[in-house]
Amino acid sequence: MTSPTSPETTPDSRKQEQLAFLKTYWDCLMVGDMENFAPIVGENCIVHYPGNHFLSGDHVGREAIVRLYSNLYKLGIEQGTFIGEFHDATTSDDHACALIKYRIVVGKGMEIPGEAIGVFHIENGQMVEYWLLERDQKMINDIMKISGKASLAGGSKAQMALGALKQPAPLARTIRRVLRVKRGNTNKML
Numbered sequence: 001m002t003s004p005t006s007p008e009t010t011p012d013s014r015k016q017e018q019l020a021f022l023k024t025y026w027d028c029l030m031v032g033d034m035e036n037f038a039p040i041v042g043e044n045c046i047v048h049y050p051g052n053h054f055l056s057g058d059h060v061g062r063e064a065i066v067r068l069y070s071n072l073y074k075l076g077i078e079q080g081t082f083i084g085e086f087h088d089a090t091t092s093d094d095h096a097c098a099l100i101k102y103r104i105v106v107g108k109g110m111e112i113p114g115e116a117i118g119v120f121h122i123e124n125g126q127m128v129e130y131w132l133l134e135r136d137q138k139m140i141n142d143i144m145k146i147s148g149k150a151s152l153a154g155g156s157k158a159q160m161a162l163g164a165l166k167q168p169a170p171l172a173r174t175i176r177r178v179l180r181v182k183r184g185n186t187n188k189m190l
């Protein structure tokens, strides 16, 4: 990493580098461009992916992280069930934070809003560590439990519906979230 006090690096240029990294990261993620995503992931990077579902945990190394992001793309963005907006960013000498707003589409006319913060440790233009912090992690856990694995495997709507029926508590919470949004109450988390 270039020292923030070195003559060739100014605080403004460091901020611009980090903002450029965030733009590349977001653009690659939104279109599933793993070919251009892989080079911005450090070889020994660690991604701390939160939750209590099949994608949760620490993902270590470029290959594992590219696989994680490929799966996330297939689960949400590719299917149109995740609609994200890069809301804002802030930076320090070693870190950048991305503020994300999104909608999870759970059915026709049924969406659940969400918010997250991604904290990136960036060195030499590469992500070396990343923490994702969800505003409503339980909602993400529920969505993943209801249809995540079947959806990732290319399952039919019938297979995903069967998966949802096998998860009655997450299904009930998700239905309550949708109803709450339809009533205009989006401030409360379950």
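According to the UniProt record's numbering, the sequence shown is numbered sequentially starting from 1. Heads up, the beta-carbon is just placed ideally off N, CA and C, and yes, glycines get one too. As the structure is a prediction and not an experimental result, all values here were calculated from the model.
key: Minimum C-alpha distance to Glu111 - residue among Thr81, Val119, Leu165 and Pro168   = By one-based count along the sequence shown, residue 111 stands at place 111. The candidate whose alpha carbon is nearest that of Glu111 is Thr81.
ask   = Pick from Cys28, Gly107 and Asp58: whose alpha carbon is nearest that of Ala164?
value = Taking the first residue of the sequence shown as 1, we reach residue 164 at position 164. Nearest C-alpha to Ala164: Gly107.
message = Taking only three categories from DSSP, how would you classify Gly184?
response = In the sequence shown, residue 184 corresponds to position 184, counting from 1. Gly184: coil per DSSP, three-state reduction.
Close Cβ partners of His87 (< 7 angstroms) along its chain, the five nearest in sequence each way excluded = In the sequence shown, counting from the first residue as 1, residue 87 sits at position 87. Result list for His87: Leu99, Ile100 and Lys101, in chain order.
key: Through-space distance from Asn124 to Met1, alpha-carbon basis   = Position 1 of the sequence shown, counting from 1, holds the residue named residue 1. Position 124 of the sequence shown, counting from 1, holds the residue named residue 124. Note on Met1: pLDDT 45, under 50, position unreliable in the model; the coordinate value appears next. For Met1 and Asn124, the distance between alpha carbons rounds to 5 angstroms.
Own chain partners of Asn52 with C-beta closer than 7 angstroms, once the 5 adjacent residues on each side are dropped = For this step, residue 52 is matched to residue 52 along the sequence shown. Asn141, listed in sequence order.
ask   = alpha helix (DSSP H) containing Tyr25: first to last residue?
value = Within the sequence shown, numbered from 1, the residue matching residue 25 stands at position 25. Pro11 to Val31 is the extent of the alpha helix (DSSP H) around Tyr25.
inquiry  = Determine whether the beta carbon atoms of Val119 and Gly42 lie at a separation below 7 angstroms.
reply    = Counting from one through the sequence shown, the residue named residue 119 turns up at place 119. Counting from one through the sequence shown, the residue named residue 42 turns up at place 42. Their beta carbons are not under 7 angstroms apart, which means Val119 does not touch Gly42 by this criterion.
request  = State the Cα-Cα distance for the pair Gln16 and Gly76, rounded to the nearest angstrom.
outcome  = Stepping through the sequence shown from its first residue, residue 16 is reached at position 16. Stepping through the sequence shown from its first residue, residue 76 is reached at position 76. About 29 angstroms.
inquiry  = Mapping the DSSP letters down to three states, classify Pro50 as helix, strand or coil.
reply    = Here residue 50 corresponds to residue number 50 of the sequence shown, with the count starting at 1. Coil, per DSSP.
request  = Report buried or exposed for Phe54, applying the criterion of at least 16 other Cβ atoms within 10 angstroms of its Cβ.
outcome  = Position 54 of the sequence shown, counted from the start, is the residue given in the question as residue 54. Phe54 is exposed by the Cβ-count criterion.
Three-state class that DSSP yields for Asp142 in the structure shown = In the sequence shown, residue 142 corresponds to position 142, counting from 1. Helix at Asp142.
query = What three-state label does DSSP hand Lys101 in the structure shown?
reply = For the purposes of this step, residue 101 is taken as the residue at position 101 of the sequence shown. Strand.
key: Environment of Lys145 [buried if 16+ CB atoms lie within 10 Å]   = Along the sequence shown, read from residue 1 onward, the residue named residue 145 stands at position 145. With 16 or more Cβ atoms within 10 Å of its Cβ, Lys145 is classed as buried.
Met30 beta carbon less than 7 angstroms from that of Val66 = In the sequence shown, residue 66 corresponds to position 66, counting from 1. In the sequence shown, residue 30 corresponds to position 30, counting from 1. It is not a contact, given that the beta carbons lie outside the stated cut-off.
ask   = Helix, strand or coil: which one does DSSP assign to Gly84?
value = Indexing the sequence shown from 1 puts residue 84 at position 84. Of the three classes helix, strand and coil, the one that applies to Gly84 here is strand, per DSSP.
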